[in-house]
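J.: Have a look at this one before I ask anything.
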Ligand SMILES: [Zn+2]
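Numbering (this note's numbering), first residue to last: 293 to 569.
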């Protein structure tokens, strides 16, 4: 059985068939799902969804783009955000972090970086208060438009520097896209795990991501889809859903040359321990 550690089932793309998507996952080998907040609205919807289903849990978090969109006004919403944590289904804070990639092609300013860092650190303080694990979102700036594995390490280095000031917290780097030299810096930290999403299946043999995966001990890996985005091969191009976490598991089992069942067992127990499920 697998645990889908990063879904966005509250997304509009699931409005027409959310219940079917969820039952497909639970009857297809997914044991538990964690739905992720990525703003105030999605955190609220995540709590509502998790309250409805026994085996759905959720995180609440304000994504770095939330701070880009609302600027200083974001901080006025913190009380409302924090109040959501009273639900017992809230088991983590995230996805939070730094995102230096601006979709419209512009280059992030120092001021925007500072705003993201402020929002990130306030939420880390909150996680510390609640003693909850943290789901990290990190994306480096990309001056050109190359593959996901060519993104700059800038945001990764900044996130690592900030989270190193919170040794009492546990972290997972979600949909990891860092380079091999960077993953070595993460692996020396005992309080950090790494999770992979469907986009790992887009790479050709020999891609750096597979060296990254081989480098990480299996018991430091968790699985996710990040649905509705990043559907893994063979579903690439379709809407992603929690059931497809099995393709991510298959790919990692293949790269690490272990049985699917073995990989499922270890990643599931890691997720249960990390999220205290
Ligand atoms: Zn996400």
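Yeah, the Cβ is synthetic: ideal placement off N, Cα and C, and Gly gets one too. Since we're looking at a predicted model, the values are computed, not measured.
1. How many angstroms separate the CA atom of residue 503 from the CA atom of residue 486?
2. Give a single yes or no on whether residue 330 has its beta carbon closer than 8 angstroms to a heavy atom of ligand 1.
3. Got a sec? Which residues, its chain only, sit under 7 angstroms from residue 535 by beta carbon, not counting five neighbours each side?
4. Could you check if residue 311 belongs to the surroundings of ligand 1, using beta carbon to heavy atom distance under 8 angstroms?
5. Note the first and the last residue of the continuous beta strand (DSSP E) segment covering residue 431.
6. How close, in whole Å, do the beta carbons of residue 305 and residue 528 come, if the pair is a contact with beta carbons under 8 angstroms?
7. Rank 314, 352 and 340 by C-alpha distance to the C-alpha of residue 328 and give the top, closest one.
8. When you compare the stretch 403-413 with the stretch 344-360, are there three or more beta-carbon pairs, one atom per stretch, that lie closer than 8 angstroms?
9. Measuring only from the beta carbon, is residue 445 closer than 8 angstroms to any heavy atom that is part of ligand 1?
10. Residue 441 by DSSP, collapsed to three states: which one?
11. Out of 336, 363, 397 and 293, which has the shortest C-alpha to C-alpha gap to residue 377?
12. Please report the straight-line C-alpha distance between residue 311 and residue 403, rounded to a whole angstrom.
13. At a cut of 8 angstroms, does the stretch 389-399 reach the stretch 420-433 through at least three beta carbon pairs?
14. Which of helix, strand or coil does DSSP assign to residue 363?
15. Report whether the distance from the Cβ of residue 482 to the nearest heavy atom of ligand 1 is below 8 angstroms.
16. If you check the beta carbons only, do residue 493 and residue 525 fall under 9 angstroms apart?
17. Span of the alpha helix (DSSP H) holding residue 463?
18. With a threshold of 8 angstroms on Cβ separation, who are the neighbours of residue 441 within its own chain once the five nearest residues in sequence on each side are excluded?
19. Let me check understanding here. Comparing Cα to Cα, which of 307, 309 and 303 lies closest to residue 572?
20. Does the distance from the C-beta atom of residue 299 to that of residue 516 stay below 9 angstroms?
T.: By the coordinates alone:
1. Position 211 of the chain shown holds residue 503. Position 194 of the chain shown holds residue 486. Cα to Cα, residue 503 sits roughly 14 angstroms from residue 486.
2. Here residue 330 refers to the residue found at position 38 of the chain shown. It does: the Cβ of residue 330 is within 8 angstroms (strictly closer) of some heavy atom of ligand 1.
3. If you number the chain shown from 1, residue 535 lands on position 243. The beta carbon of residue 535 sits closer than 7 angstroms to those of 316, 317, 320 and 322, all from its chain and outside the five residues before and after it, given in chain order.
4. Looking up residue 311 in the chain shown gives position 19. Flag unset: Cβ of residue 311 not near ligand 1.
5. Residue 431 sits at position 139 when you count from the first residue of the chain shown. Where residue 431 is concerned, the enclosing beta strand (DSSP E) stretches over 426-431.
6. If you number the chain shown from 1, residue 305 lands on position 13. If you number the chain shown from 1, residue 528 lands on position 236. That belief does not hold up - the Cβ atoms of residue 305 and residue 528 are roughly 16 angstroms apart, past 8 angstroms.
7. Counted from its first residue, the chain shown places residue 328 at position 36. Of the candidates 314, 352 and 340, the one whose C-alpha sits nearest the C-alpha of residue 328 is 352.
8. Judged by pairs of C-beta atoms under 8 angstroms, the stretch 403-413 touches the stretch 344-360, as three or more such pairs exist.
9. To locate residue 445, count along the chain shown from 1; it is residue 153. Not so, every heavy atom of ligand 1 lies at least 8 angstroms from the Cβ.
10. For the purposes of this step, residue 441 is taken as the residue at position 149 of the chain shown. Because residue 441 sits at a pLDDT of 47, beneath the cut-off of 50, its placement in the model cannot be relied upon, and the point is left open.
11. Here residue 377 refers to the residue found at position 85 of the chain shown. Of the residues 336, 363, 397 and 293, the one whose Cα lies closest to the Cα of residue 377 is 336.
12. Here residue 311 is taken as the residue at index 19 of the chain shown, counted from 1. Here residue 403 is taken as the residue at index 111 of the chain shown, counted from 1. Going from the Cα of residue 311 to the Cα of residue 403 covers about 42 angstroms.
13. yes
14. Locating residue 363 in the chain shown gives position 71, where the first residue counts as 1. Three-state DSSP puts residue 363 in a helix.
15. To locate residue 482, count along the chain shown from 1; it is residue 190. Closer than 8 angstroms to some heavy atom of ligand 1: that does not describe the Cβ of residue 482.
16. For the purposes of this step, residue 493 is taken as the residue at position 201 of the chain shown. For the purposes of this step, residue 525 is taken as the residue at position 233 of the chain shown. Against a cut-off of 9 angstroms, the Cβ pair of residue 525 and residue 493 comes out as a contact.
17. The residue you call residue 463 lines up with position 171 of the chain shown. Premise fails: residue 463 lies in the beta strand (DSSP E), 463-465, not in any alpha helix (DSSP H).
18. Residue mapping note: residue 441 aligns to position 149 of the chain shown, counting from 1. At residue 441, the pLDDT of 47 sits below 50, so the modelled position is not reliable; the number obtained from the coordinates is stated separately. Only 469, 471, 495, 499, 500 and 501 meet the Cβ criterion.
19. The question about residue 572 has no answer here: the residues shown for the chain are numbered 293 through 569.
20. On the chain shown, residue 299 is found 7 positions in, with the first residue counted as 1. On the chain shown, residue 516 is found 224 positions in, with the first residue counted as 1. Cβ distance < 9 angstroms, so residue 299 and residue 516 count as in contact.
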